[in-house]
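Sequence order for the protein chains is V and H. When the count follows UniProt numbering, it moves up by one through the first sequence with no breaks and lands on 130 for the last residue. When the count follows UniProt numbering, it moves up by one through the second sequence with no breaks and lands on 130 for the last residue. Every residue, glycine too, gets a C-beta built ideally from N, C-alpha and C. All values derive from a computational prediction rather than experimental measurement. Please read the structure below before turning to the comments.
There are 2 protein chains.
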Amino acid sequence: MSIGEAARASGVSEKMIRHYEAIGLLRPARQENGYRSYAAQDLAVLRFIRHARDLAFPLEDIRRLLALWRDRDRASAEVRRLALSHVAALEAKAQALQAMATSLKHLAAHCHGDDRPDCPILDELEGKHP
Amino acid sequence: MSIGEAARASGVSEKMIRHYEAIGLLRPARQENGYRSYAAQDLAVLRFIRHARDLAFPLEDIRRLLALWRDRDRASAEVRRLALSHVAALEAKAQALQAMATSLKHLAAHCHGDDRPDCPILDELEGKHP
DNA sequence: TGTGGGGCTTCCCATTATGGGAGGGTCAAG
DNA sequence: CTTGACCCTCCCATAATGGGAAGCCCCACA
């Protein structure tokens, strides 16, 4: 299976497939002409990566997850620990973003939003009312 | 005021102050010896930038906000529009992250997290139950 | 048999915001 | 005159992704 087919079958772009190979997540065989050749197992890895990326796991985490996945004797505790630590990171970031959104929404609520120039948003950014 | 003092006074690192200058957010005067010299207005700009960055405004937005800030005749509506569009982006990202966290938490809840190797988290990433 | 085109290869560059570090100049205090 | 604290510029790195160029491979079609 060529890289183009693998891309369509896995939902991972060709660019990214090559990149994942470059950083060692994947080692597809090569044909005589130098073209990459993807077997079923390679495709499974690509799908695994895509699902993990859909959950925003960083590639370094994915590298560890792949190692655990390949190791049939791993303790599920280790996977769980990795996942929960990622959950904590996701929630921390989500809450930080939501907090900023809420702050800014409050500021915008006090802004006339008309032709007049006075604007509490700019005032706040300026630090007028610290 | 030197860049070091400006950094301490504004809470923006020297590296970033130079960077903001490089991308044209700031034009500090220079002393005879080539050192940057920050006036009160420059400091105000740095503080403005920092506050905007604390709300995760991208630098391109900050460029526009600074222009609006400098323009005493701007319509507050424009500021408000920019702010609300940023709020939307923040909330979208926050919700996306939170959704991922929730999904992953559910998966982790079904994982024993002990010495046994079977793990619903890896099963899901693998796409065992699509 | 030649050519067109689609797919593949590698390599370089850009993105966003931030920082590390090298190599070297400036200046005041000791 | 040296030392040390600043400052300067320039290069590199991060994380993940994509754009694009230059060139090879191969098949189909005229």
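Check for me: the alpha helix (DSSP H) holding residue 133 of chain V runs from which residue to which? Since the first residue of chain V shown is 1 and the last is 130, residue 133 of chain V is not available in this structure.
Tell me the DSSP secondary structure of V/ARG36 in three-state form. To locate residue 36 of chain V, count along the first sequence from 1; it is residue 36. Note: V/ARG36 maps to strand in three-state DSSP.
Between V/ASP123 and H/SER76, how many whole angstroms is the CB-CB distance? I'm expecting something under 8 Å. Here residue 123 of chain V refers to the residue found at position 123 when the first sequence is read from its first residue. Here residue 76 of chain H refers to the residue found at position 76 when the second sequence is read from its first residue. Rounded, the Cβ-Cβ distance is 10 Å, inconsistent with contact.
With DSSP as the reference, please indicate the residues paired to H/ARG30 in a beta bridge. What you label residue 30 of chain H is simply residue 30 of the second sequence in a count that begins at 1. DSSP output for H/ARG30 lists H/ARG36 as bridge partner(s).
Going by alpha carbons, who is nearest to H/ARG63 out of H/LEU90, H/GLN95, H/HIS112 and H/TYR20? Against the second sequence, residue 63 of chain H aligns to sequence position 63. H/ARG63 has its Cα closest to that of H/TYR20, out of H/LEU90, H/GLN95, H/HIS112 and H/TYR20.
Is it right to say V/GLY34 is buried, meaning 16 or more other beta carbons lie within 10 angstroms of its own, or is it exposed? One-based indexing of the first sequence puts residue 34 of chain V at position 34. Exposed, since its Cβ has fewer than 16 Cβ neighbours within 10 Å.
Could you give the uninterrupted runs of the alpha helix (DSSP H) lying entirely in the segment 24-112 of chain V, keeping only those of 4 residues or more? Taking only runs of at least 4 residues, the alpha helix (DSSP H) segments lying wholly in the segment 24-112 of chain V are 40-54, 59-70 and 76-109.
Identify which residue in V/GLN31, V/ARG27 and V/PHE57 has its Cα closest to the Cα of V/ALA44. Residue numbering aside, residue 44 of chain V sits at position 44 when the first sequence is read from its first letter. Ranking V/GLN31, V/ARG27 and V/PHE57 by Cα distance to V/ALA44 puts V/ARG27 first.
Should V/HIS86 be labelled buried (16 or more other beta-carbon atoms within 10 Å of its own) or exposed? As a working mapping, residue 86 of chain V is identified with position 86 in the first sequence. Per the 10 Å Cβ criterion, buried.
Look at the alpha carbon of residue 133 of chain H and the alpha carbon of H/GLY11, and state the distance between them as a whole number of angstroms. Residue 133 of chain H cannot be examined here, being either before or after the span of chain H that is shown, 1 to 130.
Selected residue, minimal CA-CA separation from V/HIS112, among H/ARG116, H/GLY127, H/LEU84 and H/GLN95: Residue numbering aside, residue 112 of chain V sits at position 112 when the first sequence is read from its first letter. Closest in C-alpha terms to V/HIS112, from the list H/ARG116, H/GLY127, H/LEU84 and H/GLN95, comes H/LEU84.
Which one of V/ARG18, V/LEU90 and V/ASP73 has the shortest CA to CA distance from H/ARG116? Here residue 116 of chain H refers to the residue found at position 116 when the second sequence is read from its first residue. Of the listed residues, the one whose Cα sits closest to H/ARG116 is V/ASP73.
Return the residues of the segment 98-111 of chain V that lie within a Cβ-Cβ distance of less than 8 Å from chain H, sorted by chain order. Per Cβ criterion, the list reads GLN98, MET100, ALA101, SER103, LEU104, LYS105, LEU107, ALA108 and CYS111.
Using the beta-carbon count (16 or more within 10 Å), is V/LEU59 buried or exposed? Against the first sequence, residue 59 of chain V aligns to sequence position 59. Per the 10 Å Cβ criterion, exposed.
Please report the straight-line C-alpha distance between V/ALA9 and V/ALA52, rounded to a whole angstrom. As a position in the first sequence, residue 9 of chain V is number 9, starting the count at 1. As a position in the first sequence, residue 52 of chain V is number 52, starting the count at 1. If you take the alpha carbons of V/ALA9 and V/ALA52, they lie about 16 Å apart.
Shorter than 8 Å from the beta carbon of V/LYS93 to some beta carbon of chain H? Working through the first sequence from its first residue, we reach residue 93 of chain V at position 93. Yes - at least one Cβ of chain H is within 8 Å of the one on V/LYS93.
Going by C-alpha distance, which of V/ILE3, V/LEU55 and V/ALA6 is nearest H/SER103? In the second sequence, residue 103 of chain H corresponds to position 103, counting from 1. When only C-alpha atoms are compared, the closest one is V/LEU55.
Name the two residues that bound the continuous alpha helix (DSSP H) containing V/SER10. Reading the first sequence from its first residue, position 10 is the one you call residue 10 of chain V. Counting along the chain, the unbroken alpha helix (DSSP H) around V/SER10 starts and ends at 3-10.
By a C-beta neighbour count over all protein chains shown, 10 Å radius and 16 as the cutoff for buried, is V/ASP114 buried or exposed? The count along the first sequence starts at 1 and reaches residue 114 of chain V at position 114. So V/ASP114 ends up on the exposed side.
For H/GLU124, decide whether its Cβ has a neighbour in chain V, counting only Cβ atoms nearer than 8 Å. On the second sequence, residue 124 of chain H is found 124 positions in, with the first residue counted as 1. Interface residue, yes.
How about H/VAL87: is its C-beta nearer than 8 Å to some C-beta of chain V? Counting from 1 along the second sequence, the entry for residue 87 of chain H is found at position 87. Answer yes: the Cβ-Cβ gap between H/VAL87 and chain V drops below 8 Å somewhere.
By Cβ distance, which residues of its chain are closer than 7 Å to V/ILE49, with the 5 residues on each side in sequence left out? Position 49 of the first sequence, counting from 1, holds the residue named residue 49 of chain V. Setting aside the 5 residues that flank it on each side, V/ILE49 is surrounded in the same chain by VAL12, TYR20, LEU25 and ILE62, each with a C-beta closer than 7 Å to its C-beta; the list follows chain order.
Closer than 8 Å to chain V by CB, H/VAL79: Locating residue 79 of chain H in the second sequence gives position 79, where the first residue counts as 1. Yes, H/VAL79 counts as interfacial toward chain V.
Same chain only: Cβ atoms within 6 Å of H/MET1, ignoring 5 sequence neighbours per side: Your numbering for residue 1 of chain H matches position 1 in the second sequence. Within the same chain, TYR38 come within 6 Å of H/MET1 by CB-CB distance, once the 5 residues on both sides are set aside.
I think H/ALA6 touches H/ILE17, with their Cβ atoms under 8 Å apart; what is that distance to the nearest whole Å? Against the second sequence, residue 6 of chain H aligns to sequence position 6. Against the second sequence, residue 17 of chain H aligns to sequence position 17. Going by Cβ atoms, the distance from H/ALA6 to H/ILE17 rounds to 6 Å, so yes, they are a contact pair.
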